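First up is the structure itself, then whatever we jot down about it.
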Amino acid sequence: MLAGAAGFAGALAIPSIAPTAAHAAAPAGFPTYQYLGQPLPASLAYNPTGELIFPCIRGMYDKISGARGRYYLYYAPHDAPGGICLAYGNSLSGPFTEHPANPIISRTWSPHYSVSHVSSPHVVWNASTRQFFMYYHGENTTTRLAISSDGINFTYYGTVLTTAMVPGTTEATYARVFEHRIAALGNKYVMVFMGLKSGRRIFWGWSNDGKSWQFDPNPLVSPAADGQSDLSGPHLLYRNNTTYVVYHGSSGDMFLTEVGNNFDKEIHLGVFHAALSGAPDNNRSAAPSFGTDGGVQYMFYEAGQRSGTKIAVARAV
Numbered sequence: 001m002l003a004g005a006a007g008f009a010g011a012l013a014i015p016s017i018a019p020t021a022a023h024a025a026a027p028a029g030f031p032t033y034q035y036l037g038q039p040l041p042a043s044l045a046y047n048p049t050g051e052l053i054f055p056c057i058r059g060m061y062d063k064i065s066g067a068r069g070r071y072y073l074y075y076a077p078h079d080a081p082g083g084i085c086l087a088y089g090n091s092l093s094g095p096f097t098e099h100p101a102n103p104i105i106s107r108t109w110s111p112h113y114s115v116s117h118v119s120s121p122h123v124v125w126n127a128s129t130r131q132f133f134m135y136y137h138g139e140n141t142t143t144r145l146a147i148s149s150d151g152i153n154f155t156y157y158g159t160v161l162t163t164a165m166v167p168g169t170t171e172a173t174y175a176r177v178f179e180h181r182i183a184a185l186g187n188k189y190v191m192v193f194m195g196l197k198s199g200r201r202i203f204w205g206w207s208n209d210g211k212s213w214q215f216d217p218n219p220l221v222s223p224a225a226d227g228q229s230d231l232s233g234p235h236l237l238y239r240n241n242t243t244y245v246v247y248h249g250s251s252g253d254m255f256l257t258e259v260g261n262n263f264d265k266e267i268h269l270g271v272f273h274a275a276l277s278g279a280p281d282n283n284r285s286a287a288p289s290f291g292t293d294g295g296v297q298y299m300f301y302e303a304g305q306r307s308g309t310k311i312a313v314a315r316a317v
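Numbering of the sequence shown is given in full-length UniProt numbering, commencing with residue 1 and proceeding in unit increments.
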């Protein structure tokens, strides 16, 4: 659930927030998030389409030395030419500084590929190799992997997901990867992503190394039980000794489903986070990414209707 907080633009300030009767808890005891503002500068050197999507917030302070900030925020335009972008800051409440050499990954990477756009970055820290694995799409049929030691300069690895790997799909995109073991599969990682197969649904796969993947041909979460026509932008959450997926629904709100630690459940729990009717959401919030700073929980998300989306941040109350 999302409550409005007026008066934040540009660099964020932290308001005094106290829970009230209007701040009902989200399903399964998850917190309510209150909008704080937009973490990126109002004017960006690289923003070719005027829309920004799919934030991914990552702490650097406990992973590498010499980072440009305690936190790296990855994001991208959606439509062509896209481009994977980076900003950095020392607090999840902002402000964040745009990386001067954006995009750090573009739609053409010779000799590997040349596509209309690349977008939807999701970064995972691989502690065993001390590397950052970035998953991103381009085109919507293909999810790719690039690897970095500093979170800025990446080496291309290859494709890890295509529609051919999930029979019957015509899109396989917006992937996020998490370390999550399922004993029967002998895996270390799981991936959740949007697949287009008789409507957009949430699918999943598993891997031992984050590079070679297997995928379930059947949807993990389908939209009908939420009263939606399409779902997208999934993210895993852990609470109450079980596993949930939070995702965007076609109505504009985010929804929550328990899938269980073995990904063998589909218990729909309703609205996780209601989009603001006014700016910046304008009845649409999507693609959440979560972080904790000083014991305070934050949610970065994609706010606004398509073609005018912005990156927003909310704080748990």
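Beta carbons are placed, not taken as given, at the ideal position from N, Cα and C, and that holds for glycine. All figures in this text were calculated on a predicted structure; none of them were measured in a lab.
With phenylalanine 178 as the anchor, note down where its beta strand (DSSP E) starts and where it stops.
-> Element bounds for phenylalanine 178: 171-179.
Backbone CA spacing between threonine 108 and aspartate 281 [nearest angstrom] | Between threonine 108 and aspartate 281, the C-alpha separation is close to 31 Å.
Under the three-state reduction of DSSP, which class applies to threonine 129: helix, strand or coil?
-> Note: threonine 129 maps to coil in three-state DSSP.
Compute the distance between the beta-carbons of tyrosine 189 and glycine 210, then report whether it is under 7 Å.
-> Yes. Within cutoff.
State the CB to CB distance for the pair glutamate 51 and histidine 78, rounded to an integer number of angstroms; the pair is presumed to be in contact (CB under 8 Å).
-> Sure, about 6 Å apart at Cβ, within 8 Å.
Mind checking who glutamate 302 pairs with in its DSSP beta bridge?
-> DSSP lists Ala286 and Ile311 as partners of glutamate 302.
Just curious, the beta strand (DSSP E) that alanine 34 is in, first and last residue?
-> Just to set this straight, residue 34 is glutamine in the shown sequence, not alanine. Looking at the DSSP string, the run of the beta strand (DSSP E) that includes glutamine 34 is 33-37.
Cβ pair serine 250, glutamine 228 closer than 7 Å = The answer is yes: Cβ separation under 7 Å.
Looking only at its own chain, which residues have a Cβ that is under 6 Å from the Cβ of valine 124, when we skip the five neighbours before and after it?
-> Phe133 and Val177, listed in sequence order.
Straight-line CA distance for isoleucine 53 to glutamate 302?
-> Roughly 5 Å separates the two Cα atoms.
So, do the stretch 255-270 and the stretch 284-297 have three or more beta carbon pairs nearer to each other than 8 Å?
-> Too few Cβ pairs lie closer than 8 Å, so no.
Any chance you could list the beta strand (DSSP E) runs of at least 3 consecutive residues sitting entirely within the stretch 88-172, in chain order?
-> Given a length threshold of 3 residues, each whole run of the beta strand (DSSP E) inside the stretch 88-172 is given here in chain order: 119-126, 131-137, 142-148 and 154-162.
DSSP state of glycine 227 mapped onto helix, strand, coil | It is coil, neither helix nor strand.
Ends of the beta strand (DSSP E) at glutamate 258?
-> Unbroken beta strand (DSSP E) run through glutamate 258: 254-258.
Leaving out five residues on either side along the sequence, give the residues of the same chain with a beta carbon under 6 Å from the beta carbon of asparagine 208.
-> Correct list, in chain order: Asn187 and Lys188.
Would the stretch 140-154 and the stretch 100-118 be scored as touching if the rule is three or more Cβ pairs under 8 Å?
-> Inter-segment contact for the stretch 140-154 and the stretch 100-118 is present: three or more beta-carbon pairs are separated by less than 8 Å.
Assigned exposure category for asparagine 102 - 16 Cβ within 10 Å defines buried = It counts as buried.
Starting from leucine 40 and walking both ways along the beta strand (DSSP E), at which residues does that stretch end?
-> Looking at the DSSP string, leucine 40 is not in any beta strand (DSSP E), and its letter there is neither H nor E.
For phenylalanine 54, decide whether its Cβ has a neighbour in chain D, counting only Cβ atoms nearer than 7 Å.
-> Of the protein chains in the structure, only one exists, and it is not chain D.
Is tyrosine 61 buried or exposed, if buried means 16 or more other CB atoms sit within 10 Å of its CB?
-> Exposed, because fewer than 16 other Cβ atoms sit within 10 Å of the Cβ of tyrosine 61.
Outcome for arginine 315 when other beta-carbon atoms lying within 10 angstroms are tallied against a minimum of 16 = That one is buried.
Would you mind reading off the limits of the beta strand (DSSP E) that contains isoleucine 57?
-> Per DSSP, the unbroken beta strand (DSSP E) holding isoleucine 57 starts and ends at 53-59.
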